[in-house]
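What follows is a set of notes on a single structure, which appears directly below.
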Amino acid sequence: MDYGCKGLCALISGGTSGIGLAVAEKLLLDGARVYILGRSLARGLAAVALLEAKTGQSPAFVPCDVSRAESCRETVEQIKAELKEKGASASSSSVDKTAHIDILVNCAGVYREQRLEELTAKDYEQIFDVNVKGTLFLTQAVLPLMLKGGSIINISSDAGISGNYGCPVYCASKGAIVALTKALALDLAPQIRVNCVCPADVDTPLLQEQLAAAQGSYTLEEMASAYPLERIGKAEEVAHVICALASPQNSFMTGSIVPVDGGITAKG
117 MDYGCKGLCA LISGGTSGIG LAVAEKLLLD GARVYILGRS LARGLAAVAL LEAKTGQSPA
177 FVPCDVSRAE SCRETVEQIK AELKEKGASA SSSSVDKTAH IDILVNCAGV YREQRLEELT
237 AKDYEQIFDV NVKGTLFLTQ AVLPLMLKGG SIINISSDAG ISGNYGCPVY CASKGAIVAL
297 TKALALDLAP QIRVNCVCPA DVDTPLLQEQ LAAAQGSYTL EEMASAYPLE RIGKAEEVAH
357 VICALASPQN SFMTGSIVPV DGGITAKG
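Numbering (this note's numbering), first residue to last: 117 to 384.
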C-alpha cells in the first residue's frame, strides 16, 4: 500500500516488537527511512534482522529508555548527528536541512493489571514514566527536528477512552495520552499534525505477558468473546491505521482520536 512516505524519516519508540515493529515494516516497504527505539540491544538487533529479511530494507536501531528524559535527548542527538552526516555525504547543500524527522510514533508502553488497593508509588511511577513521561519527553526532544512540518502519532488504548476493570493506573496513563494529543494538536499546528490511535487487545508479546500474569483467570478466547467482531486485533491492522495517519495524504487530520478496537468502545 502506498502511504506516500517514500523518502521520509520516521522514528518509532517501542519499535522492536508488536505494533511498533509492524509500523516499521510498513513504513520501510513504503520507502521511508526508519529508526526504531527500544531498551534491549538484543531485541533491537533481532528486530533489525527480521525487518531486513522481510522488507529488503535496513532500519536503524538506537537504544533508548523513554522513561528517562535524558535518554530521550541523547537518542535524538545521536540520530540528528547521523542524519547530518548522511546528508553531508549526499548533498552539497546545508547539512542542517537534512537533520529532519517527518514522523514520530510514540509506541513504547507498559501494561499492568493492578487494583487500586494493591498499588504502590513505584508501580505508579513505572507505568506513568513509560506511558506518559516517555511520550512527553521523546516528543519534546524530537520537536526541533520537525519544525519544517511533520506528523506525530501517539498510542493510547480503548482503556484511555472508556476505562477498564482492574487497571486504573494504566487507564489513567492512556487517558492522559488522549488529552495530551488534543493539546499538542492545538499547540503545534499548523506545522505539525498530532493524532492518536487507541487499540484494544492486540496479539502481541505484551498480550502474552498479560495472559501469563493472569495465571489462568481468563483466556484468550474469553477476551475475544467480548468484541463485536469476536476476535482480538492483529498488529498489522493497527499499524495500517498508524501509517495512514502519518501519511501526507491525510494532511487535514489533526487532534483525532481513532479507536482500532473491534467495536468494543461502541458498546459503551
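From the three backbone atoms N, C-alpha and C, an ideal C-beta is built for every residue, glycine too.
Buried or exposed: which applies to residue i, given that a residue is buried once 16 or more other Cβ atoms fall within 10 Å of its Cβ?
{"i": "Arg231", "result": "exposed"}
{"i": "Asp218", "result": "buried"}
{"i": "Glu141", "result": "buried"}
{"i": "Asp146", "result": "buried"}
{"i": "Gly332", "result": "exposed"}
{"i": "Tyr334", "result": "exposed"}
{"i": "Lys170", "result": "exposed"}
{"i": "Ser174", "result": "exposed"}
{"i": "Ser272", "result": "buried"}
{"i": "Lys383", "result": "exposed"}
{"i": "Lys196", "result": "buried"}
{"i": "Leu296", "result": "buried"}
{"i": "Ala206", "result": "Any reading at Ala206 is ruled out, since the residue's pLDDT is 47, under 50, leaving its predicted position unreliable."}
{"i": "Gly123", "result": "exposed"}
{"i": "Leu167", "result": "buried"}
{"i": "Leu157", "result": "exposed"}
Assign residue i to one of three DSSP states: helix, strand, or coil.
{"i": "Ser363", "result": "coil"}
{"i": "Ala126", "result": "strand"}
{"i": "Ile308", "result": "strand"}
{"i": "Asn280", "result": "coil"}
{"i": "Pro321", "result": "helix"}
{"i": "Cys121", "result": "coil"}
{"i": "Phe368", "result": "coil"}
{"i": "Ala288", "result": "helix"}
{"i": "Tyr343", "result": "coil"}
{"i": "Tyr227", "result": "coil"}
{"i": "Val178", "result": "strand"}
{"i": "Gly134", "result": "helix"}
{"i": "Gly266", "result": "strand"}
{"i": "Arg149", "result": "strand"}
{"i": "Gly379", "result": "coil"}
{"i": "Ile195", "result": "helix"}
{"i": "Arg250", "result": "Residue identity check: residue 250 is Gly in the sequence provided, not Arg. Three-state result, Gly250: helix."}
Grab me the residues of residue i's own chain with a C-beta within less than 6 Å of its C-beta, minus the 5 sequence neighbours each way, in chain order.
{"i": "Thr320", "result": "Gly134, Ala351"}
{"i": "Gly266", "result": "Asp218, Ile308"}
{"i": "Tyr119", "result": "Asp146, Cys359, Ser363"}
Please report whether the beta-carbon of residue i lies at a distance below 8 Å from any beta-carbon of chain C.
{"i": "Ile373", "result": "The structure shown contains no chain C; it holds only a single protein chain."}
Take residue i and list the residues in its own chain whose beta-carbon comes closer than 8 Å to its own, dropping the five residues that flank it on each side.
{"i": "Asp274", "result": "Asn280, Cys314, Pro315, Ala316, Pro375, Asp377, Ile380, Thr381"}
{"i": "Cys121", "result": "Leu143, Asp146, Gly147, Ala148, Asp218, Ile219, Cys359, Ala362, Ser363, Pro364"}
{"i": "Met369", "result": "Arg309, Asn311, Leu361"}
{"i": "Val246", "result": "Val182, Ser183, Ala224, Gly225, Val226"}
Measuring only from the beta carbon, is residue i closer than 7 Å to any heavy atom that is part of the ligand FAD?
{"i": "Gly378", "result": "The model on display carries no ligand, and the ligand FAD is accordingly not part of it."}
I think residue i touches residue j, with their Cβ atoms under 8 Å apart; what is that distance to the nearest whole Å?
{"i": "Gly292", "j": "Val248", "result": "Before going further, note that residue 292 is Ala rather than Gly in the sequence given. Confirmed, Cβ separation roughly 5 Å."}
{"i": "Gly154", "j": "Gly130", "result": "7 Å"}
{"i": "Ala126", "j": "Val164", "result": "About 15 Å separates the two Cβ atoms, so there is no contact after all."}
{"i": "Val294", "j": "Ile348", "result": "That belief does not hold up - the Cβ atoms of Val294 and Ile348 are roughly 21 Å apart, past 8 Å."}
{"i": "Ser289", "j": "Phe244", "result": "5 Å"}
{"i": "Leu199", "j": "Phe177", "result": "Rounded, the Cβ-Cβ distance is 15 Å, inconsistent with contact."}
{"i": "Ala138", "j": "Ala301", "result": "No, Ala138 and Ala301 are not in contact; Cβ-Cβ is about 24 Å, not under 8 Å."}
Please go through the same chain and pick out, in chain order, the residues whose beta-carbon is closer than 7 Å to the beta-carbon of residue i, but skip the five residues on each side of it.
{"i": "Ala342", "result": "Ile380"}
{"i": "Ala257", "result": "Cys188, Arg189, Val192"}
{"i": "Ala340", "result": "Glu346, Arg347, Ile348"}
{"i": "Pro235", "result": "Pro is not the amino acid found at residue 235; the sequence shown has Leu there. Val285, listed in sequence order."}
{"i": "Leu263", "result": "Gln307"}
*Is the number of C-beta pairs between the stretch 179 to 197 and the stretch 240 to 253 that are closer than 8 Å three or more?*
yes
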